[in-house]
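In our numbering, the protein residues as written are 14 to 149.
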């Protein structure tokens, strides 16, 4: 493999939060923490909420779980998976992440269960090697 993949990071976002915005933000940060290691391995990280939440807000979304939320959030991940080359499934109960895995599996898209399984192509892509630590 020499081409960078777009990798969807799937894991709990809303699940288990009781729709508490603080807990949901913590879950999003947990998903986002995996973006740097994916990038270091030469790939492009993607999180469904990065794409879906601005759409929901622009469409007039008012409350997590409202009809508009349900109409946008999970379908966005399904659409993203038409462009993603792999999924990194993080631990934790999540119907949405389980659905992402099911879609990926049906489409023949690789599903990784740990960052160690993601191929490292950082030295193959022709781009400059990523620094060991993110800039401050």
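Using N, Cα and C, we set each Cβ at its ideal position, and we do this for glycine too.
These numbers come from a predicted model, not from an experiment.
Contact set for residue i: own chain, Cβ-Cβ below 8 angstroms, skip 5 residues either direction
| i | result |
| --- | --- |
| residue 74 | 81, 82, 85 |
| residue 93 | 21, 59, 61, 64 |
Cutoff 7 angstroms; reference residue i; Cβ partners in own chain excluding five residues on either side
| i | result |
| --- | --- |
| residue 45 | 60 |
| residue 32 | 77, 78 |
| residue 114 | 23, 100, 102, 124 |
Span separating the alpha-carbon of residue i from that of residue j
| i | j | result |
| --- | --- | --- |
| residue 150 | residue 79 | There is simply no residue 150 to check, as the chain begins at 14 and stops at 149 in what is shown. |
| residue 21 | residue 71 | 23 angstroms |
| residue 122 | residue 98 | 6 angstroms |
| residue 43 | residue 19 | 18 angstroms |
| residue 95 | residue 35 | 31 angstroms |
| residue 58 | residue 30 | 24 angstroms |
| residue 17 | residue 50 | 13 angstroms |
Outcome for residue i when other beta-carbon atoms lying within 10 angstroms are tallied against a minimum of 16
| i | result |
| --- | --- |
| residue 88 | exposed |
| residue 131 | buried |
| residue 104 | exposed |
| residue 119 | exposed |
| residue 38 | exposed |
Sequence-distant residues of the same chain with beta carbon closer than 6 angstroms to residue i, five excluded per side
| i | result |
| --- | --- |
| residue 28 | 106, 107 |
| residue 90 | 61, 113 |
| residue 25 | 40, 105, 107 |
| residue 137 | 15 |
| residue 68 | 85 |
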